[in-house]
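Notes for the one structure printed next.
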Amino acid sequence: MGLYRDCLLPWAIDRALDRAECRELRQRATRGLHGTVLEVGFGSGLNLPHYPGEVRRIFAVDPATFGRRLAARRLAACSKPVEFIGLDGNSIALAADTVQCALSTWTLCTIPGLVGALHEIMRVLKPGGSFHFLEHGLSPDDGVARWQRRLDPLQKRLVGGCRLTVPIDDRLAEAGFAVERLETFYMKGPRINSYIYLGVARKAGLI
Ligand SMILES: C[S@@+](CC[C@H](N)C(=O)[O-])C[C@H]1O[C@@H](n2cnc3c(N)ncnc32)[C@H](O)[C@@H]1O
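The numbering of the sequence shown is the numbering used here, which starts it at 43 and goes up by one.
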């Protein structure tokens with residue numbers, strides 16, 4: 043599993059998620075980010091070119107250290123400081139109420155113990171802070187969902203723990219986020235892994 047999981051898979055994900063349709067969605071997901079931002083599942087830094095000028099500093103968390111090597115050119119071109127602060131969204135090395143915003147793209151499907159990680163994101167967000175997400179997940183269409191459930195074990199094995207059946211909005215609510223904006227739609231391609239949840243959730247409290 044070593045070479046496949048550690049190098050080949052991050053490389054393949056970098057290629058697969060760098061197409062025009064994904065870039066357009068990244069642009070929408072990052073809109074409104076500002077101040078200090080935590081990115082959970084930094085991957086190969088494909089969001090870096092989309093961070094708005096109002097972002098001052100980025101904290102990055104991801105277990106796939108090879109992704110940082112793939113991100114080298116994007117990191118060099120980025121005018122904002124990017125600090126790698128850990129490997130797991132379930133344990134974020136920041137004090138409570140530290141960041142104005144958080145971001146995850148195509149990542150929540152992969153994190154084991156997702157609600158725990160969402161609690162961690164909530165903990166480090168300042169009161170009133172926003173969590174921007176762009177994720178694939180469970181389809182509301184019975185026929186698609188049936189295939190998602192069937193193929194979930196295979197997907198999990200082949201794609202680094204990625205699950206097709208995560209109801210992203212429900213998990214956010216379960217963790218105590220108020221989902222403030224949510225768009226759901228299918229991207230182009232096979233419906234089992236293209237049902238998208240794009241939006242912003244908020245931690246309670248005054249900004
Ligand atoms: C499909 S990739 C998406 C990468 C990147 N966010 C993007 O949009 O291109 C999923 C990412 O989640 C990361 N990941 C897996 N488990 C994680 C965890 N427990 N905490 C944080 N990130 C995790 C993977 O290493 C991988 O980089």
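Idealized CB from N, CA, C, for every residue including glycine.
F101: buried (16+ other C-beta within 10 angstroms of its C-beta) or exposed?
-> Position 59 of the sequence shown, counting from 1, holds the residue named residue 101. Counting Cβ neighbours within 10 Å, F101 comes out buried, since at least 16 surround it.
Spell out a yes or no on whether the stretch 70-82 and the stretch 165-180 are touching, meaning 3 or more CB-CB pairs, one atom from each, closer than 8 Å.
-> yes
Pull up the distance between the alpha-carbon of R115 and that of C151, whole angstroms please.
-> Counting from one through the sequence shown, the residue named residue 115 turns up at place 73. Counting from one through the sequence shown, the residue named residue 151 turns up at place 109. Roughly 27 Å separates the two Cα atoms.
Where R191 falls, given that 16 or more other Cβ within 10 Å makes a residue buried = For this step, residue 191 is matched to residue 149 along the sequence shown. Exposed.
Would you decide whether L67 is buried or exposed? Buried here means 16 or more other CB atoms lie within 10 Å of its CB.
-> The residue you call residue 67 lines up with position 25 of the sequence shown. By the 10 Å Cβ count, L67 comes out buried.
Heavy atom of ligand 1 within 7 Å of P154 beta-carbon = Stepping through the sequence shown from its first residue, residue 154 is reached at position 112. At least one heavy atom of ligand 1 is nearer than 7 Å to the Cβ of P154, so yes.
Does ligand 1 have even one heavy atom less than 7 Å from the beta-carbon of N235?
-> Here residue 235 is taken as the residue at index 193 of the sequence shown, counted from 1. No, ligand 1 has no heavy atom inside 7 Å of this Cβ.
D48 to A58, Cα distance in whole Å?
-> Counting from one through the sequence shown, the residue named residue 48 turns up at place 6. Counting from one through the sequence shown, the residue named residue 58 turns up at place 16. Spanning the two alpha carbons is a distance of roughly 16 Å.
Which stretch, first to last residue, makes up the alpha helix (DSSP H) that contains A119?
-> Along the sequence shown, one-based indexing puts residue 119 at 77. Run containing A119: A114 to A119, per the alpha helix (DSSP H) assignment.
Please report the Cβ distance between Y239 and D211, rounded to the nearest whole angstrom; I am assuming they are in contact, meaning their Cβ atoms lie under 8 Å.
-> The residue labelled residue 239 in the question sits at position 197 within the sequence shown. The residue labelled residue 211 in the question sits at position 169 within the sequence shown. Correct: roughly 6 Å between the Cβ atoms.
Check whether the Cβ of G131 lies closer than 7 Å to any heavy atom of ligand 1, and answer yes or no.
-> One-based indexing of the sequence shown puts residue 131 at position 89. For ligand 1, at least one heavy atom lies less than 7 Å from the Cβ of G131.
Between A144 and the rest of its own chain, which residues show a CB-CB distance below 8 Å, the 5 nearest in sequence each way excluded?
-> Translated into positions along the sequence shown, residue 144 becomes position 102. Contacts found: V79, L80, E81, V82, I163, V166, L167, G171, S172, F173 and H174.
Residue burial classification, L129 (beta-carbon count within 10 angstroms, cutoff 16) = Numbered from its first residue, the sequence shown carries residue 129 at position 87. Answer is exposed; the Cβ neighbour count stays below 16.
Taking all protein chains shown into account, decide if S146 is buried (16 or more other Cβ within 10 angstroms of its Cβ) or exposed.
-> Within the sequence shown, residue 146 is the residue found at index 104, counting from 1. Buried, since its Cβ has 16 or more Cβ neighbours within 10 Å.
Is the distance from the Cβ of L214 to the Cβ of L160 below 8 Å?
-> Counting from one through the sequence shown, the residue named residue 214 turns up at place 172. Counting from one through the sequence shown, the residue named residue 160 turns up at place 118. In contact: L214 and L160 (Cβ atoms closer than 8 Å).
Going by C-alpha distance, which of C204, Q142 and Y228 is nearest V242?
-> Here residue 242 refers to the residue found at position 200 when the sequence shown is read from its first residue. Out of C204, Q142 and Y228, Q142 has the C-alpha closest to the C-alpha of V242.
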